[in-house]
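Chains as they are written, first to last, in our numbering: chain S, 162 to 258; chain Y, 13 to 208.
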């Protein structure tokens with residue numbers, strides 16, 4: 162059974178839009194998420210396949226609503242929780258965001 | 013830079029996770045910035061362009077490139093082993109009869125070392141879903157109209173394999189030096205959503 166990321170050939174998506182002069186990252190946090198993932202994989206906290214899998218098994222609605230690097234961050238925090246590196250409540254922002 | 017509320021919330025969340033990991037010894041202070049700088053200074057479409065220009069002027073190199081790209085690109089000082097794991101590279105050559113285009117339908121696999129950071133459209137569901145079903149339609153959205161007799165091959169990258177297109181050398185470029193030829197090659201040309 163295919164997962165939500167397996168969109169090859171799926172009908173219904175709109176025309177491809179190019180962004181002129183697109184920067185590599187649209188916000189600083191995106192660059193941080195990118196670098197954080199590389200650092201954790203390099204340290205062996207999880208591997209690349211686990212990271213990809215963690216994105217692909219996000220709840221479907223969350224996957225489709227999220228931006229590219231929002232998916233990355235959701236996968237990172239999922240793996241940090243599942244690996245016991247951090248507890249779920251520790252991921253909550255202290256000021257209650 | 014986006015500064016709306018959603019962006020500021022996720023910025024705070026990312027910073028929070030970074031501090032948690034630093035406190036557990038899983039992240040060094042300054043490591044994130046170093047990685048970002050290295051990434052931005054690393055891969056660039058100029059690398060892919062250099063490979064293409066060499067292939068245009070050196071038929072022996074072109075042959076080696078199409079047979080075993082991982083080995084051949086070492087001749088020009090490039091490698092697919094600089095990332096998290098070595099990736100297999102296959103270079104596919106456009107001809108008068110066949111045009112090639114690259115996608116990753118499952119996610120966003122892409123030869124970053126040779127092309128630099130990938131464009132948003134490459135990662136979009138629109139591109140990933142449609143280019144395998146209607147490549148001519150998608151190419152038309154990029155302004156590429158192929159003759160009816162030209163077939164289109166779509167290459168779907170995977171976790172272990174990356175693809176790069178070797179565009180056709182434009183007519184009238186016989187007198188150009190290798191670096192001048194490289195300057196003609198664009199990122200989209202290397203993905204296959206443009207002709208050079």
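Virtual Cβ for every residue (Gly too), placed ideally from N, Cα, C.
Check, Outcome
"Which partner residues of residue 49 of chain Y appear in the DSSP bridge assignment?", "Answer is none; residue 49 of chain Y lacks a bridge partner."
"For the alpha helix (DSSP H) holding residue 88 of chain Y, just list the boundary residues, first then last.", "Here residue 88 of chain Y belongs to no alpha helix (DSSP H), and DSSP marks it neither H nor E."
"Going by CA-CA distance only, name the one from S:201, S:249 and S:217 that's closest to residue 40 of chain Y.", "S:201"
"Helix or strand or just coil, what does DSSP make of residue 203 of chain S?", "helix"
"Return the residue from the list Y:71, Y:119 and Y:65 that minimises the CA-CA distance to residue 192 of chain Y.", "Y:65"
"Which whole-angstrom value describes the C-beta separation of residue 154 of chain Y and residue 108 of chain Y, a residue pair presumed to lie in contact below a C-beta threshold of 8 Å?", "With 8 Å as the limit, residue 154 of chain Y and residue 108 of chain Y do not qualify as a contact, their Cβ atoms being about 20 Å apart."
"Pairing CB atoms from the stretch 190-206 of chain S with CB atoms from the stretch 33-51 of chain Y, are three or more of them under 8 Å?", "yes"
"Exposed or buried, what is residue 199 of chain Y when buried is set at 16 or more other beta-carbons lying within 10 Å of its beta-carbon?", "buried"
"Quick one: what does DSSP say residue 112 of chain Y is sitting in, helix, strand or coil?", "strand"
"Which residue from S:221, S:167 and S:163 puts its Cα closest to that of residue 140 of chain Y?", "S:167"
"If you reduce the DSSP assignment to three classes, tell me which class residue 163 of chain S lands in.", "coil"
"Please tell me whether residue 182 of chain S has its Cβ less than 8 Å away from any Cβ of chain Y.", "no"
"Suppose you measure from the CA of residue 181 of chain Y to the CA of residue 68 of chain Y; what does that come to, to the nearest Å?", "7 Å"
"Where does residue 144 of chain Y sit, in a helix, a strand or coil, going by DSSP?", "coil"
"For residue 133 of chain Y, go through chain S and note every residue whose CB falls closer than 9 Å to its CB, in chain order.", "177, 178, 179, 180 and 183"
"Quick one: does residue 174 of chain S have its CB under 8 Å from some CB of chain Y?", "yes"
"Taking 8 Å as the CB-CB limit, is residue 174 of chain Y close to chain S?", "no"
"Using a Cβ cut-off of 8 Å (strictly closer), state whether residue 129 of chain Y contacts chain S.", "yes"
"Tell me where the beta strand (DSSP E) around residue 102 of chain Y begins and ends.", "100-105"
"Rounding to the nearest angstrom, what Cα-Cα distance links residue 2 of chain Y and residue 62 of chain Y in this structure?", "Residue 2 of chain Y is absent from the structure shown; chain Y starts at 13 and stops at 208."
"Taking Cβ positions only, does residue 254 of chain S come closer than 8 Å to chain Y?", "yes"
"Does residue 214 of chain S have its Cβ less than 8 Å from a Cβ in chain Y?", "no"
"Buried or exposed for residue 185 of chain Y, going by 16 or more other Cβ atoms inside 10 Å?", "exposed"
"What separation, rounded to the nearest whole angstrom, lies between the Cα atoms of residue 237 of chain S and residue 128 of chain Y?", "23 Å"
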